[in-house]
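Peer 1: The structure's right below; bear with me while I get my questions together.
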Amino acid sequence: MPASGAHILVYPYPASGHIIPLLDLTHRLLTRGLNVTVVITPNNSSLLHPLLSSYPSSSLQTLVLPTPSWPTTSSSNRLLNMMRGLRELHYPALLSWFQSHPSPAVAILSDFLLGWTQQLASEVGVPRVVFSSSATLSLCISYALWTDLPKIEYLHNVNFQLSFLKIPNCPTYPGCQVSRIYREGKEGNPDWELFRSCVLEDKASWGVVFNSTIELERDYIDHITKDVGHDRVWAVGPLLPSDDDLAWSTSRGGTTAVPTYELLTWLNSRRDDSVVYVCFGSRQVLNSKQTDVLATGLEKSGIHFIWSLLVDELGVGIRVGENIENIPESTKLAQLFDESVNGTGPQRMKARELREAVMNAVSKGGSSDKDLDGFVNSINELKRNVETAV
């Protein structure tokens, strides 16, 4: 590793919704002079190709570790099985890597589902930083839930409403909306205790980085800073490619059914605010009936749309919809889209205000840009401390 910037180990949870934003952050860390080793599993290694082609091996290296097979446990939950399998398989490999590397990382930056890396970090004597790929509020709630431990039997009462009174401006949730892992377990259950230990280890970590911005979640960022008891909290999001970084924006996340350049060409031929984007994420897969109903509604709405959907575990399909016919906008779906596209509703106006705030946050000198610089400075300070100690 070159002597200029500090060396950091980046470890994403092996799912696309977790890997892609952490690689977006890795891209920014590399542009700011840090040296990075990324832990990746073979089935996700292709997601690293755009970065590997953009940076020299002296700045970016990979540590390919095997994908766990499902361990024989009582758990039927794929998430919990993966969390357990990663720890059992990767902990000894990472420990060996730290002990044998000529210039090991001065910190571990790992996904919030990899709480056990806090123990690893303690064993090798480096700080661990949690990366949250989603909203700050969700981590605030997770910390509160697994720390305060409301009685599980209450959550099965259809009329029970759970309040998180310590979190400012926090919604109240019906018991049925609380984490299924929490509701369906109990203290002493191996799965329940596994997830709780993950959350508590996250909370005990040296720092936390959010894929969010203070303009959107000021109350929750302030709360979690008080909750963890230190100010090593950085909101660096939203982590998206910049408009002038075309090479990265068109290659990140792997391939799609419609090539990126074709999609961008189509979008550029439409007027501003005339296209609706539809996506349910990678974990929600519609059945054939639901897909047909949604397709019919989109087409009858008479609007331009982009519909991103998972076609299998390895690919994403993109359907592009033209304004195919002038159908009377009498359906609820059409009215909803009309309000969204034409900007007539208060939600649309609020969205415009938030968009402007977010764009300012990620621009040069904005809050997210400053937090990212602050995080990089803190990591480089760790390197200087190590060099001074030696």
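Position 32 (the sequence shown) corresponds to 39 in my numbering; numbering is contiguous. Don't be surprised by glycine CBs; every beta carbon is placed ideally from N, CA and C.
#1: Would you mind working out which of Leu-270, Pro-21, Trp-213, Thr-232 sits nearest Ile-221, comparing C-alpha positions?
#2: From this set, Lys-210, Arg-225, Trp-199, which residue's C-alpha is nearest Asn-176's C-alpha?
#3: What span of residues does the alpha helix (DSSP H) with Arg-190 cover, start to end?
#4: Near Arg-391, what residues of its chain come up, given a Cβ to Cβ distance below 8 Å and the 5 sequence neighbours on each side ignored?
#5: On the premise that Gln-168 lies in contact with Pro-157, defined as a C-beta separation below 8 Å, what is that separation, rounded to the nearest angstrom?
#6: Closer than 8 Å is the cut-off here; do at least three beta carbon pairs connect the region 106–113 with the region 143–155?
#7: Determine the direct distance from the alpha carbon of Asn-218 to that of Phe-312, and round the result to whole angstroms.
#8: Please report how far the alpha carbon of Gly-12 lies from the alpha carbon of Leu-41, in whole angstroms.
#9: Report the partner residues of Asp-118 according to the DSSP bridge assignment.
#10: Who are the Cβ neighbours of Arg-94 in its own chain at under 6 Å, not counting the five residues just before and after it?
#11: For the pair the region 51–71 and the region 114–132, tell me if three or more CB-CB distances fall below 8 Å.
#12: Tell me whether the beta-carbon of Val-136 lies closer than 8 Å to the beta-carbon of Val-216.
#13: Any idea what DSSP makes of Ala-242, helix, strand or coil?
#14: What is the DSSP secondary structure of Cys-286, reduced to helix, strand or coil?
#15: In its own chain, which residues sit with a C-beta less than 6 Å from the C-beta of Asp-209, not counting the 5 before and 5 after it?
#16: Shortest alpha-carbon distance to Tyr-189 belongs to which of Asn-275, Ile-148, Tyr-227, Asn-166?
#17: Contact check, Val-240 vs Gly-214 under 8 Å by CB: the rounded distance?
#18: Using the rule of at least 16 other Cβ atoms within 10 Å of the residue's Cβ for burial, across every protein chain shown, is Ala-128 buried or exposed?
#19: Which ranges does the beta strand (DSSP E) cover as unbroken runs of at least 3 residues, wholly within the region 165–228, from first to last along the chain?
#20: Comparing alpha-carbon positions, which option in Gly-192, Leu-54, Ile-15, Thr-48 lies nearest Leu-30?
#21: Could you name the residues of the same chain whose beta carbon sits closer than 7 Å to that of Leu-340, not counting the 5 residues immediately before and after it, in chain order?
#22: Can you tell me where the alpha helix (DSSP H) with Leu-72 in it begins and where it stops?
#23: Here's a check: name, in chain order, each residue in its chain whose Cβ is nearer than 6 Å to the Cβ of Asn-367, leaving out the five neighbours to either side.
#24: Helix, strand or coil for His-237? Go by DSSP, reduced to three states.
#25: Alpha carbon to alpha carbon, what distance is there between Thr-395 and Gly-322?
#26: The beta strand (DSSP E) with His-108 in it runs from where to where?
#27: Would you kindly work out how many angstroms separate the C-alpha atoms of Asn-84 and Met-90, rounded to a whole number?
#28: For a quick check, are the C-beta atoms of Val-369 and Pro-248 less than 8 Å apart?
#29: On the criterion of 16 or more Cβ atoms from any shown chain inside 10 Å, does Cys-286 qualify as buried, or is it exposed?
#30: Assuming Ile-292 contacts Ile-310 (C-beta within less than 8 Å), just tell me the rounded distance between them.
#31: Which term fits His-163, buried or exposed, when burial requires 16 or more other beta carbons within 10 angstroms of its beta carbon?
#32: Leaving aside the five residues before and after Ile-26 along the sequence, list all residues of the same chain whose C-beta is less than 7 Å from its C-beta, in chain order.
#33: Give me the Cα-Cα distance between Val-46 and Leu-96, rounded to the nearest whole angstrom.
#34: Work out the CA separation of Leu-389 and Arg-35 for me, nearest whole Å.
#35: Where does Ser-315 fall in DSSP's three states?
Peer 2: Reading from the atomic positions:
#1: Sequence index remark: in the sequence shown, residue 221 carries index 214 (1-based). Cα-wise, what sits closest to Ile-221 is Thr-232.
#2: Stepping through the sequence shown from its first residue, residue 176 is reached at position 169. Taking the Cα of Asn-176 as reference, the smallest distance to any Cα among Lys-210, Arg-225, Trp-199 is reached at Arg-225.
#3: Stepping through the sequence shown from its first residue, residue 190 is reached at position 183. From DSSP, the alpha helix (DSSP H) with Arg-190 extends over 187–190.
#4: Looking up residue 391 in the sequence shown gives position 384. Hits under 8 Å: none found.
#5: Within the sequence shown, residue 157 is the residue found at index 150, counting from 1. Within the sequence shown, residue 168 is the residue found at index 161, counting from 1. About 11 Å separates the two Cβ atoms, so there is no contact after all.
#6: Because the criterion of three Cβ pairs below 8 Å is not met, the region 106–113 and the region 143–155 do not touch.
#7: Your numbering for residue 312 matches position 305 in the sequence shown. Your numbering for residue 218 matches position 211 in the sequence shown. Taking the straight line joining both Cα atoms gives about 26 Å.
#8: For this step, residue 12 is matched to residue 5 along the sequence shown. For this step, residue 41 is matched to residue 34 along the sequence shown. When rounded, the distance between both Cα atoms is 5 Å.
#9: Translated into the one-based positions of the sequence shown, residue 118 becomes position 111. Asp-118 pairs with Phe-138.
#10: As a position in the sequence shown, residue 94 is number 87, starting the count at 1. Same-chain partners within the cutoff: Trp-123.
#11: Verdict: no, contact absent.
#12: Numbered from its first residue, the sequence shown carries residue 136 at position 129. Numbered from its first residue, the sequence shown carries residue 216 at position 209. Judged by beta-carbon spacing, Val-216 lies within the 8 Å limit of Val-136, meaning their Cβ atoms are closer than that value.
#13: Along the sequence shown, one-based indexing puts residue 242 at 235. If DSSP states are grouped into helix, strand and coil, Ala-242 belongs with the strands.
#14: Counted from its first residue, the sequence shown places residue 286 at position 279. Per DSSP, reduced to three states, the secondary structure at Cys-286 is strand.
#15: Within the sequence shown, the letter at position 202 stands for residue 209. Excluding sequence neighbours, Asp-209 sits near Phe-119, Gly-122, Val-137.
#16: Along the sequence shown, read from residue 1 onward, the residue named residue 189 stands at position 182. Scanning Asn-275, Ile-148, Tyr-227, Asn-166 for the CA closest to the CA of Tyr-189 turns up Ile-148.
#17: Residue 240 sits at position 233 when you count from the first residue of the sequence shown. Residue 214 sits at position 207 when you count from the first residue of the sequence shown. The pair is a contact, with the Cβ atoms about 7 Å apart (cut-off 8 Å).
#18: Position 121 of the sequence shown, counting from 1, holds the residue named residue 128. Here Ala-128 is buried: its Cβ has 16 or more other Cβ atoms, across all protein chains shown, within 10 Å.
#19: If only complete runs of 3 or more residues are kept, the region 165–228 shows the beta strand (DSSP E) at 214–217, in order along the chain.
#20: In the sequence shown, the residue the question calls residue 30 occupies position 23. Out of Gly-192, Leu-54, Ile-15, Thr-48, Leu-54 has the C-alpha closest to the C-alpha of Leu-30.
#21: For this step, residue 340 is matched to residue 333 along the sequence shown. Bear in mind that the predicted position of Leu-340 carries a pLDDT of just 41, short of 50, making it unreliable; the figure below should be weighed with that in mind. Residues of the same chain with a CB within less than 7 Å of the CB of Leu-340, apart from the 5 flanking positions on each side, are Gly-304, Ser-308 in chain order.
#22: Counting from 1 along the sequence shown, the entry for residue 72 is found at position 65. Premise fails: Leu-72 is in no alpha helix (DSSP H) and is neither H nor E.
#23: By one-based count along the sequence shown, residue 367 stands at place 360. Correct list, in chain order: Gly-373.
#24: Translated into positions along the sequence shown, residue 237 becomes position 230. Three-state result, His-237: coil.
#25: As a working note, residue 322 is residue 315 in the sequence shown. As a working note, residue 395 is residue 388 in the sequence shown. Caution is warranted here: a pLDDT of 40 is assigned to Gly-322, below 50, making its placement in the model unreliable, and no coordinate value can be reported.
#26: Position 101 of the sequence shown, counted from the first residue, corresponds to residue 108. His-108 -> no beta strand (DSSP E), and no H or E assigned at all.
#27: What you label residue 84 is simply residue 77 of the sequence shown in a count that begins at 1. What you label residue 90 is simply residue 83 of the sequence shown in a count that begins at 1. For Asn-84 and Met-90, the distance between alpha carbons rounds to 10 Å.
#28: The residue labelled residue 369 in the question sits at position 362 within the sequence shown. The residue labelled residue 248 in the question sits at position 241 within the sequence shown. Cβ atoms of Val-369 and Pro-248: not closer than 8 Å.
#29: By one-based count along the sequence shown, residue 286 stands at place 279. Label assigned to Cys-286: exposed.
#30: Here residue 292 corresponds to residue number 285 of the sequence shown, with the count starting at 1. Here residue 310 corresponds to residue number 303 of the sequence shown, with the count starting at 1. Here residue 292 is Val; the residue named in the question, Ile, does not match the sequence. So it is not a contact: roughly 24 Å between Cβ atoms.
#31: Translated into the one-based positions of the sequence shown, residue 163 becomes position 156. By the neighbour-count rule (16 or more Cβ atoms within 10 Å), His-163 is not buried but exposed.
#32: Residue 26 sits at position 19 when you count from the first residue of the sequence shown. Scanning its chain for C-beta atoms nearer than 7 Å, with the 5 sequence neighbours on each side dropped, one finds around Ile-26 the residues Pro-19, Asn-51, Leu-54, in chain order.
#33: Counting from one through the sequence shown, the residue named residue 46 turns up at place 39. Counting from one through the sequence shown, the residue named residue 96 turns up at place 89. Between the alpha carbons of Val-46 and Leu-96 lies a distance of about 13 Å.
#34: Indexing the sequence shown from 1 puts residue 35 at position 28. Indexing the sequence shown from 1 puts residue 389 at position 382. So the two alpha carbons sit approximately 19 Å from each other.
#35: Within the sequence shown, residue 315 is the residue found at index 308, counting from 1. Correct three-state label for Ser-315: strand.
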